[in-house]
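To start, the structure itself, in structure tokens.
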Amino acid sequence: MANEPTQIRLSFDGEATELEVLAKRASRLPWAWLLQRVFAVDIMTCPSCRGAMRVVKIANKPDDIARVLTDLGLGPRLPPRPGLAPTDQLELDLAA
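Just so we're aligned, residue 856 is where the sequence shown starts under my numbering, counting upward by one.
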């Protein structure tokens, strides 16, 4: 049947464990697998307890991202950058 999920086995560099991915079409891979493949980080596994994590919210619009960050107690903007070093710090009196 054409609509049946296709089971494909993928691994990278022989270092990671093999992954079994269910995909409706082999040309479309799950984003979590792609992130693991590129950055070698399994975002669906908790780094502290190694337990399975689940997606709670997906935010891809600026207003949605700001709302999620606010709900988490974080600001919708990056923290301010630290100030520049004083300009007189680099002046040396080499004549003395």
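Virtual Cβ for every residue (Gly too), placed ideally from N, Cα, C.
When C-alpha distances from valine 911 are compared across Pro917, Met899, Ser903, the shortest belongs to Met899.
For alanine 921, the three-state secondary structure derived from DSSP is helix. Per DSSP, reduced to three states, the secondary structure at alanine 887 is helical. Beta-bridge annotation (DSSP): alanine 907 is paired with Thr900. Taken atom to atom, the span from the alpha-carbon of alanine 907 to that of leucine 890 is near 16 Å.
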